[in-house]
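All remarks here apply to the structure that follows.
2 protein chains.
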Amino acid sequence: MNPITTEALLEALRWRYATKMFDPSRRIPEPVWTALEQSLVLTPSSYGLQPWRFMVVTDPGVKRALVPHSWNQSQPADCSHHVVFAAREHMDEAYVDRFVAQACVQRGLAPGALAGYRNMMVSDVVTGPRSAQAFEWAVRQTYIALGQFMTSAALLGVDACPMEGIQPSGYDEVLGLKGTGYATVVACAAGYRAVADRNASVKKVRFETGEVVQNV
Amino acid sequence: MNPITTEALLEALRWRYATKMFDPSRRIPEPVWTALEQSLVLTPSSYGLQPWRFMVVTDPGVKRALVPHSWNQSQPADCSHHVVFAAREHMDEAYVDRFVAQACVQRGLAPGALAGYRNMMVSDVVTGPRSAQAFEWAVRQTYIALGQFMTSAALLGVDACPMEGIQPSGYDEVLGLKGTGYATVVACAAGYRAVADRNASVKKVRFETGEVVQNV
Chain A
1 MNPITTEALL EALRWRYATK MFDPSRRIPE PVWTALEQSL VLTPSSYGLQ
51 PWRFMVVTDP GVKRALVPHS WNQSQPADCS HHVVFAAREH MDEAYVDRFV
101 AQACVQRGLA PGALAGYRNM MVSDVVTGPR SAQAFEWAVR QTYIALGQFM
151 TSAALLGVDA CPMEGIQPSG YDEVLGLKGT GYATVVACAA GYRAVADRNA
201 SVKKVRFETG EVVQNV
Chain B
217 MNPITTEALL EALRWRYATK MFDPSRRIPE PVWTALEQSL VLTPSSYGLQ
267 PWRFMVVTDP GVKRALVPHS WNQSQPADCS HHVVFAAREH MDEAYVDRFV
317 AQACVQRGLA PGALAGYRNM MVSDVVTGPR SAQAFEWAVR QTYIALGQFM
367 TSAALLGVDA CPMEGIQPSG YDEVLGLKGT GYATVVACAA GYRAVADRNA
417 SVKKVRFETG EVVQNV
C-alpha cells in the first residue's frame, strides 16, 4: 500500500466545491468512471450489508426528465454521470441470506459456515433493535457512499454536486424504482465544471477547526 | 489540481477493512492527523451548515471509559485516535446566523449580504420541511463526514474501524455532550492494524457490481 501525500489529499478536498454549472460537452473518461463506480461498490457499510442501489444516469432523456424533480436545477442534465443513491426500504432474512451466501462464495467457505454471523445480523436489522428503523439505517449507509464518492471524485479531479434538494418520489418514478424495494435518497451529479461557474472561485466557508473539533 | 491515479485510489479502497485489532503502541504522526482532522472540517454538508461536532479522543483514560459503551470492543482503547461523530439535535435561527456571519467574514461580504440565502435556510431547516427531522438530517450529514474520513484515512495509509455498535447515551455522558445540543451518532477508531489481526487478510465481500449499480 503506497499512501498518497497529505498535500495531495488536502489539495483535492480544498479544490472541490458543489458545482452549480457543469460543462455539458465534457464526459468522464471510461477508466476514471470505472474507478468511481468501484468507489461506490467498495463503500463500507454496517455489517457489510450494502443496503443500497446506485442508479447511474447518462441517458440524455432521462437526465432531462430528472430536472423538474430537482427544483429545476440543471446539474442532472448538464453533468456527465448523474448518480442516484437509493436505499433499501426493508430488511428481511432473504436479503441477509443472499449476502451470507455471497460471503461464503467469495471467501471459499462451506454454506452454513457463517450461521452465527447471519443470526446476529438478523436479530438486529430484521427482527431486533434496528428493524423498526431499517430504512433510516440504510439511508445512513448510503450517505457513507455519498461521502466516499465525493472524496474519490475530488481526488481524481472530477467535479461533483451533492443534491439533497430533489423529490425522491419523482426520481423513483422516472427511474422505475417503485416496487423494487429501493427508494431514492439523495443524488450527486458528477462531471466537469463549466468555465463560467463563478462558484468555483468563491471561498469555502467552514467554522474554525477549534469550533467543530474537540480534543479529549 | 493534480489528480491521483485511479490505481492509487482503488489500491487504498481495497486495502482498507474494518480493523478489529489495533496496535496500541502506534500513534498517527502529527502531520498525518492534522490532514485527517481537516478532512473532517472540509466535509461537504447540506447548505454548508456543518451540523456536527467531532470529538477526537486520545486520552487513555477516556478511551478506556468508552469501551463498555462499545459492546466491550477494544478498538476505542487500542487505536491511536478515536473519533466520535456527534450531530446537532436542533436547528435554530441563532445557529444559521452564526454560519452566515462566518460566511460573510470569510468571503469579505457586508453583514446582511446573504440575507436571502439565510432566509432560505431558515425556512427549510428551522421552520420548514426539514425542521421536524432536523436531527436525522444532521445525522445524515455526519455520515458524509464518516465516509470522507474513512476514504481519506485509507489513502493516507491509516487503518480505521467504523463503529455503529456503540451506546450513544453512554458516549454522551463520558464525553460531556449532554446539554450541549450535540449527540453522539457513530464513532470511528483510527490508527494502525495489529500484526495479529487476521481480519486484514480476509477477502472483502461485495455484491457484484451489476447487482448494486444500474446504468440508465
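These protein sequence lines map, in sequence, to chains A and B. Numbered by the numbering used here, the letters in the first sequence go through residues 1 to 216 in order. Numbered by the numbering used here, the letters in the second sequence go through residues 217 to 432 in order. Each residue gets a CB set at the ideal place from its N, CA and C atoms; glycine is no exception.
Along the chain, where does the beta strand (DSSP E) containing residue i start, and where does it finish?
i, result
"ALA215 (chain A)", "The question names Ala, but residue 215 (chain A) in the sequence shown is Asn. Unbroken beta strand (DSSP E) run through ASN215 (chain A): 213–215."
"PRO162 (chain A)", "159–163"
"VAL57 (chain A)", "52–57"
"ARG88 (chain A)", "81–88"
Taking the alpha helix (DSSP H) that residue i belongs to, which residues open and close that run?
i, result
"CYS320 (chain B)", "309–323"
"PRO168 (chain A)", "168–175"
"MET120 (chain A)", "115–121"
"THR367 (chain B)", "350–371"
"ALA35 (chain A)", "30–41"
"ARG193 (chain A)", "Segment: none, ARG193 (chain A) is in no alpha helix (DSSP H) and carries neither H nor E."
"ASP294 (chain B)", "291–294"
"TRP231 (chain B)", "222–231"
"ARG243 (chain B)", "No alpha helix (DSSP H) holds ARG243 (chain B); DSSP gives it neither H nor E."
"ALA65 (chain A)", "60–66"
Using only alpha-carbon positions, find the residue among the options that is nearest to residue i.
i, options, result
"ALA405 (chain B)", "B:ASP375, B:ILE220, B:GLU427 and B:GLU389", "B:ASP375"
"GLU211 (chain A)", "B:THR221, B:PHE270 and B:ALA228", "B:PHE270"
"SER347 (chain B)", "B:PRO267, B:PHE423 and B:LEU229", "B:PRO267"
"SER417 (chain B)", "B:THR222, B:ALA234 and B:THR221", "B:ALA234"
"VAL338 (chain B)", "B:VAL312, B:GLY328, B:GLN289 and B:ARG230", "B:VAL312"
"PHE351 (chain B)", "B:PRO247, B:LEU265 and B:ILE244", "B:LEU265"
"HIS82 (chain A)", "A:PHE149, A:THR209 and A:LYS204", "A:PHE149"
"SER70 (chain A)", "A:ASP197, A:GLY165 and A:THR34", "A:GLY165"
"VAL341 (chain B)", "B:ALA369, B:ASN218, B:ALA310 and B:GLN318", "B:ALA310"
"TYR263 (chain B)", "B:VAL283, B:TYR333, B:LEU226 and B:GLN289", "B:TYR333"
"THR425 (chain B)", "A:VAL41, A:ALA35, A:GLU208 and A:PHE99", "A:VAL41"
"VAL32 (chain A)", "A:ARG98, A:GLY157 and A:PHE99", "A:GLY157"
"VAL300 (chain B)", "B:PRO378, B:PHE315, B:GLN322 and B:ALA224", "B:PRO378"
"ARG172 (chain A)", "A:ALA65, A:SER74 and A:ASN119", "Note on residue identity: the sequence assigns Asp, not Arg, to residue 172 (chain A). With distances taken between Cα atoms, ASP172 (chain A) lies closest to A:ALA65."
"GLY197 (chain A)", "A:SER74, A:GLN214 and A:PRO129", "Residue identity differs from the one stated: residue 197 (chain A) is Asp in this sequence, not Gly. Closest option to ASP197 (chain A), Cα to Cα, is A:SER74."
"SER261 (chain B)", "B:ARG356, B:TRP231 and B:MET217", "B:ARG356"
"THR180 (chain A)", "B:GLY344, B:GLY328, B:GLN430 and B:ALA331", "B:GLN430"
"PHE207 (chain A)", "B:GLY344, B:PRO345, B:VAL316 and B:LEU330", "B:VAL316"
Indicate whether residue i and residue j have their beta-carbon atoms separated by less than 8 Å.
i, j, result
"GLU89 (chain A)", "TYR182 (chain A)", "yes"
"THR259 (chain B)", "ALA354 (chain B)", "no"
"ASP59 (chain A)", "VAL432 (chain B)", "yes"
"ALA87 (chain A)", "LEU177 (chain A)", "no"
"VAL390 (chain B)", "THR358 (chain B)", "no"
"VAL205 (chain A)", "GLN383 (chain B)", "no"
"ALA410 (chain B)", "ALA228 (chain B)", "no"
"ILE244 (chain B)", "SER296 (chain B)", "yes"
"LYS203 (chain A)", "ARG314 (chain B)", "no"
"ALA251 (chain B)", "LEU9 (chain A)", "yes"
"MET1 (chain A)", "TRP231 (chain B)", "yes"
Near residue i, what residues of its chain come up, given a Cβ to Cβ distance below 6 Å and the 5 sequence neighbours on each side ignored?
i, result
"TYR193 (chain B)", "Only positions 217 to 432 of chain B appear in the structure, and residue 193 (chain B) is not among them; the question remains open."
"LYS63 (chain A)", "VAL57, PRO76, ALA77 and HIS82"
"VAL283 (chain B)", "PRO292 and ALA293"
"SER255 (chain B)", "GLN364, PHE365 and SER368"
"GLY386 (chain B)", "HIS285"
"GLY328 (chain B)", "none"
For residue i, collect the residues of the same chain with a Cβ closer than 8 Å to its Cβ; drop the 5 residues on either side in sequence, then sort them by chain order.
i, result
"ASN199 (chain A)", "TYR17, ALA18, THR19, LYS20 and MET21"
"ALA326 (chain B)", "CYS320"
"LEU114 (chain A)", "VAL100, ALA103 and CYS104"
Review point. Got a sec: which bits of the stretch 238–269 of chain B sit with their beta carbon under 8 Å from any beta carbon on chain A, in order along the chain?
Key: PRO247, VAL248, THR250, ALA251, GLU253, GLN254, SER255, LEU256, VAL257, LEU258, THR259, PRO260, SER262, GLY264, GLN266, TRP268 and ARG269
Check your understanding: Using a beta-carbon distance cut-off of less than 7 Å, what residues from the stretch 168–196 of chain A approach chain B?
Key -> Cβ contacts with chain B: LEU175.
Exercise for review: Could you name the residues of the stretch 139–157 of chain A whose beta carbon sits closer than 9 Å to any beta carbon of chain B, in the order they occur along the chain?
Suggested key: Hits within the stretch, in order: VAL139, ARG140, GLN141, THR142, TYR143, ILE144, ALA145, LEU146, GLY147, GLN148, PHE149, MET150, THR151, SER152, ALA154, LEU155, LEU156 and GLY157.
Practice item. Can you give me, in chain order, the residues of the stretch 280–298 of chain B that have a beta carbon less than 8 Å from any beta carbon in chain A? Key: none
Review point. When you check each C-beta in the stretch 412–427 of chain B against every C-beta of chain A, which residues fall closer than 9 Å?
Key: Answer set for the stretch 412–427 of chain B: VAL418, LYS419, LYS420, VAL421, ARG422, PHE423, GLU424, THR425 and GLU427.
Review point. Given a limit of 8 Å on CB to CB distance, which residues of the stretch 224–237 of chain B reach chain E?
Key: As a matter of chain content, chain E is missing from the structure shown, whose protein chains are A and B.
Practice item. Quick one: which residues of the stretch 305–323 of chain B get their C-beta closer than 7 Å to a C-beta of chain A? List them in chain order. Key: GLN318, ALA319, GLN322 and ARG323
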